[in-house]
Amino acid sequence: MAEKRDYYEVLGLQKGASADDIKGAYRKAALKWHPDRWVSGTDAEKRTAEEKFKEASEAYSVLSDPDKRAKYDQFGFAGVDGAAGQDWSQGFGNLNDILNNLFGGAFGGFGGFGGFEGFGGFGGGQQGQRVQRGRDIRTRVKVTLEEIANGCEKEVTIERNRPCPDCDGRGTRNASDVRTCPTCKGTGSVQHVTNTLFGRTMTSSVCPQCNGTGKVVTNPCSTCKGTGLVRKKETVKVRIPAGVEDGMQLTLRGEGHAAPQGGVNGDLLVIVEEQPHAQLKREGNNLFYTRVISVADAMLGCEIQVPGLDGPQRLKLDPGTQSGTVERLRGKGLPSVNNYGLSGGRGDLYVKILVWIPRKLSRSEREAVEKMRDSVRPDPNRDDRALFEKESQYF
Ligand SMILES: [Zn+2]
Ligand SMILES: [Zn+2]
Numbered sequence: 408m409a410e411k412r413d414y415y416e417v418l419g420l421q422k423g424a425s426a427d428d429i430k431g432a433y434r435k436a437a438l439k440w441h442p443d444r445w446v447s448g449t450d451a452e453k454r455t456a457e458e459k460f461k462e463a464s465e466a467y468s469v470l471s472d473p474d475k476r477a478k479y480d481q482f483g484f485a486g487v488d489g490a491a492g493q494d495w496s497q498g499f500g501n502l503n504d505i506l507n508n509l510f511g512g513a514f515g516g517f518g519g520f521g522g523f524e525g526f527g528g529f530g531g532g533q534q535g536q537r538v539q540r541g542r543d544i545r546t547r548v549k550v551t552l553e554e555i556a557n558g559c560e561k562e563v564t565i566e567r568n569r570p571c572p573d574c575d576g577r578g579t580r581n582a583s584d585v586r587t588c589p590t591c592k593g594t595g596s597v598q599h600v601t602n603t604l605f606g607r608t609m610t611s612s613v614c615p616q617c618n619g620t621g622k623v624v625t626n627p628c629s630t631c632k633g634t635g636l637v638r639k640k641e642t643v644k645v646r647i648p649a650g651v652e653d654g655m656q657l658t659l660r661g662e663g664h665a666a667p668q669g670g671v672n673g674d675l676l677v678i679v680e681e682q683p684h685a686q687l688k689r690e691g692n693n694l695f696y697t698r699v700i701s702v703a704d705a706m707l708g709c710e711i712q713v714p715g716l717d718g719p720q721r722l723k724l725d726p727g728t729q730s731g732t733v734e735r736l737r738g739k740g741l742p743s744v745n746n747y748g749l750s751g752g753r754g755d756l757y758v759k760i761l762v763w764i765p766r767k768l769s770r771s772e773r774e775a776v777e778k779m780r781d782s783v784r785p786d787p788n789r790d791d792r793a794l795f796e797k798e799s800q801y802f
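By our numbering, the letter at position 312 of the sequence shown is numbered 719, and the numbering carries on one by one without gaps.
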């Protein structure tokens with residue numbers, strides 16, 4: 408599959424472009440590339456227009472939606488998978504409708520589009536050699552819950568191919584030593600004819616002489632042996648957005664291996680590895696903490712400290728706190744990664760209180776509890792009797 412272009416690049420925009428810029432850029436692209444405008448063009452022109460139009464529409468469908476845009480900004484194409492492709496398989500929609508939608512205030516509905524079957528994939532069917540893409544690099548980064556709470560920046564050290572500094576990635580110091588590959592005539596692929604029971608079939612594969620670049624190098628550069636690439640150990644800063652979860656993958660576009668002969672860099676894929684917290688358990692955006700208190704603290708009330716991610720939280724427990732009570736500290740959980748950049752709230756921190764009934768008592772403890780035996784006992788006439796009745800319903 409051909410490499411997809413960055414959505415901002417497709418619309419000729421900068422990353423921070425405003426909603427109006429995006430709208431304007433898409434309007435321009437739609438006016439230029441809508442297939443209605445190319446009905447009298449050559450087949451090649453029609454195909455280009457279809458591809459350009461599809462590309463611009465897809466970019467617009469993501470960038471015009473604040474939620475999808477935020478995900479795309481963070482995770483690249485992985486963040487908006489399915490947004491592309493799916494809704495594009497049934498017809499182009501009328502150009503006037505599109506423009507009316509754009510400027511009549513009714514956005515978001517590209518329901519009438521689609522129907523690109525028969526055109527090959529995105530960018531497919533192009534003439535000439537294809538652009539090479541460097542391989543992706545996968546790495547892992549460990550983050551604590553505290554770091555996840557607020558987002559953080561991490562450094563990862565990777566070894567990757569970069570363009571050779573001595574030949575600028577050409578593979579030879581002299582530009583005139585780069586020639587068109589004689590085997591594939593620069594197309595990067597070779598055709599095979601196979602005879603089968605059903606007749607002759609044509610298949611194509613990557614040219615073995617130039618590995619698909621369409622170019623061969625005579626007099627190769629001594630530093631890179633003609634590959635145009637050198638191995639480098641480099642440290643890359645990775646911004647970890649708040650709220651990420653174990654196993655999530657962040658895409659740093661273009662930070663992977665360089666491709667030979669000036670192709671497109673691969674991506675750096677960083678997989679988040681959440682380190683377990685000593686005292687807190689995580690479930691989605693919520694945190695859970697269990698605390699055991701003494702019988703006396705339960706009866707008399709007390710104040711405890713809960714290990715929050717932004718520092719210890721004080722929690723007052725009322726006199727008569729029952730074992731199993733769950734207290735909620737609102738907003739002391741984790742933010743949601745999906746709400747990043749929007750006004751997303753945070754999850755909660757749940758504190759479960761367990762009252763410890765000792766199995767063994769020292770002599771002095773025993774004496775102290777003996778004194779309590781007669782003064783504190785269940786009494787059906789007391790006003791907190793309701794609690795006992797509630798608890799006993801579980802049997
Ligand atoms: Zn070749
Ligand atoms: Zn070199």
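Even for Gly, the Cβ is constructed at its ideal location relative to N, Cα and C.
| Check | Outcome |
| --- | --- |
| Local conformation of MET609 per DSSP, three classes | strand |
| Cα-Cα separation, GLY532 to THR455 | No answer about GLY532 holds up, because its pLDDT of 35 lies below 50 and its placement is not dependable. |
| Three-state class that DSSP yields for GLN686 in the structure shown | coil |
| Where the beta strand (DSSP E) through PHE695 begins and ends | 693 to 701 |
| CYS614: CB within 7 Å of a non-hydrogen atom of ligand 4 | Although ligand 4 was asked about, the structure shown includes only ligand 1 and ligand 2 as ligands. |
| Stretch pair the stretch 601 to 609 + the stretch 656 to 670: three plus CB contacts closer than 8 Å | no |
| For TYR433, the nearest candidate out of TRP445, GLU416 and GLY448 (CA to CA) | GLU416 |
| contact_flag[the stretch 719 to 737, the stretch 585 to 593] where n(CB pairs < 8 Å) is 3 or more | no |
| Own chain partners of GLU462 with C-beta closer than 6 Å, once the 5 adjacent residues on each side are dropped | VAL417 |
| Cβ separation of THR546 and LEU675, assumed to be a contact under 8 Å, to the nearest whole Å | 7 Å |
| Span of the beta strand (DSSP E), counted from its first residue to its last, around GLU562 | 559 to 570 |
| Range covered by the alpha helix (DSSP H) that runs through TRP763 | Per DSSP, TRP763 belongs to no alpha helix (DSSP H); it is in the beta strand (DSSP E), 756 to 763. |
| Contact test: THR610 Cβ vs ligand 1 heavy atom, cutoff 7 Å | no |
| Straight-line Cα distance separating PRO742 from ARG773 | 48 Å |
| Cα-Cα separation, LYS435 to LEU470 | 15 Å |
| For VAL446, the three-state DSSP class (helix, strand or coil) | coil |
| THR590 Cβ short of 7 Å to ligand 1 heavy atom set | yes |
| Where LYS422 falls, given that 16 or more other Cβ within 10 Å makes a residue buried | exposed |
| Contact set for GLY669: own chain, Cβ-Cβ below 7 Å, skip 5 residues either direction | GLY576 |
| Member of VAL671, GLY715, VAL677 and PRO667 whose CA lies at the smallest distance from the CA of HIS684 | GLY715 |
| Residue burial classification, ASP480 (beta-carbon count within 10 angstroms, cutoff 16) | buried |
| C-alpha gap between ILE711 and ARG698, whole angstroms | 9 Å |
| Near ligand 1: CYS574 beta-carbon under 7 Å from a heavy atom | no |
| Distance cut-off 7 Å: GLY635 Cβ against heavy atoms of ligand 2 | yes |
| Enclosing alpha helix (DSSP H) for LYS439 [first to last residue] | 426 to 440 |
| Identity of the residue in VAL446, SER611, PRO785 and VAL624 nearest ARG586 by Cα | VAL624 |
| PHE523 burial status per 10 Å Cβ neighbour count (16 or more: buried) | The pLDDT assigned to PHE523 is 28, lower than 50, so where the model puts this residue is not dependable, and the model offers no usable value. |
| Extent of the continuous alpha helix (DSSP H) to which GLN656 belongs | Per DSSP, GLN656 belongs to no alpha helix (DSSP H); it is in the beta strand (DSSP E), 656 to 659. |
| Within 8 Å, strictly: CB atoms of ILE760 and LEU707 | no |
| Classification of HIS664 by the beta-carbon crowding that lies within 10 angstroms, buried from 16 upward | buried |
| Ligand 1 heavy atom lying under 7 Å from the CB of GLY621 | yes |
| C-beta contact flag for VAL744 and GLY619 at 8 Å | no |
| Check: CYS617 C-beta below 7 Å from any heavy atom of ligand 2 | no |
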